[in-house]
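**Q**
2 protein chains.
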Amino acid sequence: MTRQELIQEMRRLGIRVTAQRLAVAEVMLSSYDHPAAPAVYERVQAHLPHITMSTVYNTIQVLAKGGFIQPLSFPDGTRYDANPSPHANLVCVQCRAIVDAMDDEGWVGRLREQVTGKGGFQVMSQRVDFYGVCPKCAAKGVS
Amino acid sequence: MTRQELIQEMRRLGIRVTAQRLAVAEVMLSSYDHPAAPAVYERVQAHLPHITMSTVYNTIQVLAKGGFIQPLSFPDGTRYDANPSPHANLVCVQCRAIVDAMDDEGWVGRLREQVTGKGGFQVMSQRVDFYGVCPKCAAKGVS
DNA sequence: TTTACTGCAAAGGGTTTGCATGAGG
DNA sequence: CCTCATGCAAACCCTTTGCAGTAAA
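First to last, the protein sequences are chains A and B. Take the first sequence: its position 113, counted from the start at 1, is 112 in numbering that gives the first Met the number 0, and no numbers get skipped. Take the second sequence: its position 71, counted from the start at 1, is 70 in numbering that gives the first Met the number 0, and no numbers get skipped.
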């Protein structure tokens, strides 16, 4: 998504475009490690040294409401996922890394189909996390 | 699970058995609405009026570590799931109700099989949530 | 008897809010 | 111009922690 497309999409959703929001959105959309707010703050500071955490949190809420990102609550804070397609996350319980799981065959979407329509529950979105130990941590800690 | 079986299982895991822990565990294991800590506290108070939130939180940690319950973090607090089998949760974004989704055909387990073994990630547990509007709320708010 | 759990109160930390200033449409 | 976003600081709320007393094993 180019900067122009991003601006157009924001305007289409009635989101007022500011330098801060653009910066936060671009960091979010180009981050694949599911950053928390403080990490987003740090990265945005490289472009906008004067931005504050309030604005980052405010913008995050706006972007979430607009469907650009999905919040993932964890005990130690909220991480954000900018991948709009149905997928699973692999969450390392040791280093807290989060990566998207390969799901070429669309199993998450299929699971959603199974759930939808049963019992009259209207599914709007989903969160699929698998918790465990990533290859790096498994190599380090020889458990 | 009877009270005696619960006690034996706790001892087997090296968990010291106290009246407070038994009460919290029994409330947890007999609650199917995925209660948050304050709700657990209220229910336990019916049996142990003198218990405190500290003890409830302490016990919750112990039970989670022992694998009796799974914490589910949400923006407005943590809910707890006492269903040990792989399943999906249906989370109503309006009334915050959480119910287990029927998964007779084991789709969640199958999805886990797909993820496990790909890329060397060691899966230990999972969380599968579907967010939407429950039948009750759909009937009320005619959206 | 030894270990560690309970209760109480206070602290912790990510996130939200109130308000004056400043910028977008 | 009018509305709404930003920045700053303080407040929020769920959860954790420190400590003295007490109960489990």
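Where is the CB? At the ideal position from N, CA and C, for every residue including glycine. For clarity, every value in this text was computed on a predicted model and none was experimentally measured.
I'd like to confirm the pairing. Which residues does DSSP put opposite B:P70 in its beta bridges?
**A** Partner(s): B:Y79.
**Q** Quick one: is A:C133 near chain B, going by C-beta distance under 8 Å?
**A** So yes, A:C133 belongs to the interface.
**Q** Given this structure, state the Cα-to-Cα distance separating A:R95 from A:F73, to the nearest angstrom.
**A** Approximately 10 Å, taken between the alpha carbons.
**Q** Which partner residues does A:L89 have in the DSSP bridge list?
**A** DSSP output for A:L89 lists A:V98 and A:F129 as bridge partner(s).
**Q** Just list the residues that DSSP pairs A:A35 with in beta bridges.
**A** Note: A:A35 sits in a beta bridge opposite A:R78.
**Q** Can a CB atom of chain B be found closer than 8 Å to the CB of A:F67?
**A** Output row for A:F67: interface = no.
**Q** The alpha helix (DSSP H) with A:G108 in it runs from where to where?
**A** W106 to V114 is the extent of the alpha helix (DSSP H) around A:G108.
**Q** Considering Cα atoms alone, identify which of B:V141, B:M101, B:Y40 and B:Y56 is closest to A:V114.
**A** Looking at the Cα atoms, B:M101 is the closest of the given residues.
**Q** Answer with yes or no whether the minimum CB distance from B:K117 to chain A is below 8 Å.
**A** Chain A contact via Cβ: present.
**Q** Distance cutoff 8 Å, beta carbons only. Does B:Q125 sit that close to anything in chain A?
**A** Yes, B:Q125 counts as interfacial toward chain A.
**Q** What residues from the stretch 96–116 of chain B come within 9 Å of chain A, judged by C-beta to C-beta, listed N to C?
**A** Correct list: V98, A100, M101, D102, E104, W106, V107, R109, L110, R111, Q113, V114 and T115.
**Q** Run through chain A and tell me which residues come within less than 7 Å of B:Q121, C-beta to C-beta.
**A** Going along chain A in sequence order, the residues near B:Q121 (Cβ under 7 Å) are G131, V132 and A137.
**Q** I'd like to know if the stretch 123–141 of chain A and the stretch 42–62 of chain B are in contact, where contact means that at least 3 CB-CB pairs between them fall below 8 Å.
**A** Touching, no.
**Q** Given that a residue counts as buried once 16 or more other Cβ atoms are within 10 Å of its Cβ, and exposed if not, what is A:Q103?
**A** Per the sequence shown, the amino acid found at residue 103 of chain A is Asp instead of Gln. Answer is exposed; the Cβ neighbour count stays below 16.
**Q** Applying the 10 Å Cβ sphere with the 16-neighbour rule, what's the burial state of A:V39?
**A** A:V39 should be labelled buried.
**Q** For B:D128, which of B:I6, B:G119 and B:R78 has the nearest alpha-carbon?
**A** For the residues B:I6, B:G119 and B:R78, the minimum Cα distance to B:D128 belongs to B:R78.
**Q** Considering only the beta carbon of each residue, do A:I68 and A:A81 sit closer than 8 Å?
**A** Closer than 8 Å, so yes.
**Q** Could you tell me the alpha carbon to alpha carbon distance between A:G131 and A:W106, rounded to whole angstroms?
**A** If I take the Cα positions, the gap works out to 19 Å.
**Q** Could you work out which residue in A:L89, A:T17 and A:L21 is closest to B:R118 when comparing CA atoms only?
**A** It is worth fixing the name first, because residue 118 of chain B is Gly in this sequence and not Arg. The shortest Cα separation from B:G118 among A:L89, A:T17 and A:L21 belongs to A:L89.
**Q** Looking only at its own chain, which residues have a Cβ that is under 8 Å from the Cβ of A:A24, when we skip the five neighbours before and after it?
**A** Cβ neighbours of A:A24 beyond the five flanking positions: L5, M9, T58, L62 and F67.
**Q** Measure how close the beta-carbons of B:A35 and B:G76 come, nearest whole angstrom, since I'm counting them as under 8 Å.
**A** Contact flag correct, Cβ pair sits at about 5 Å.
**Q** How many Å lie between A:T1 and A:Q7 at the Cα?
**A** Straight-line Cα distance between these residues: approximately 10 Å.
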